[in-house]
Amino acid sequence: MPPHRVEGRRPARRALAVVRVLPMMMAIGAVQAQPQATSDYLALMDTDGDGRVSLAEYQAWMLYAFDRMDVNGDGRLDPHEQPGGGRGRVITREAYRAQMAERFNRQDANGDGYLDARELAAPPL
Ligand SMILES: [Ca+2]
Ligand SMILES: [Ca+2]
């Protein structure tokens, strides 16, 4: 019988831990982020290293999280794949992407199109 699932060694162990935690924190909607955690998110999301998170970086990160949660890889999060059961709703990848764009815009307090460390630390409710 072939192995059911092959997991290679992944370099970003730390990132995976955050991926598990972040959606859960977002799901409860009230984040008292610690400064350390926030700078970690910034460093992880800021792939071009300019010290701020663009919408593209934000969505890439969030969709990465989505794909990690989408255990059966069908492009939708069934309730059992979501932290806390997602109130019984299915979320498609496209709906999630749109949700993340809205969230990004709300979180971008100064409206400059980027999230800086302070904006990342103060997610919208
Ligand atoms: Ca950036
Ligand atoms: Ca901003």
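For the sequence shown, the working numbering assigns the number 128 to the last residue and increments by one with no breaks. Positions of the beta carbon are idealized from the N, C-alpha and C atoms, including for glycine. All figures in this text were calculated on a predicted structure; none of them were measured in a lab.
Counting of Cβ neighbours within 10 angstroms places Val-56 among the buried residues, the total reaching 16 or more. In the three-state reduction of the DSSP assignment, Arg-96 falls in the helix class. Membership of Arg-121 in the alpha helix (DSSP H) is indicated by the continuous run 120-124. One residue list follows from the rule of a beta carbon closer than 6 Å to any heavy atom of ligand 2, given in chain order as Asp-111, Asn-113, Asp-115, Tyr-117, Leu-118, Asp-119 and Glu-122. Proximity annotation: ligand 1 has residues Asp-49, Asp-51, Asp-53, Arg-55, Val-56, Ser-57 and Glu-60 in chain order, each selected because its CB is closer than 6 Å to a heavy atom of the ligand.
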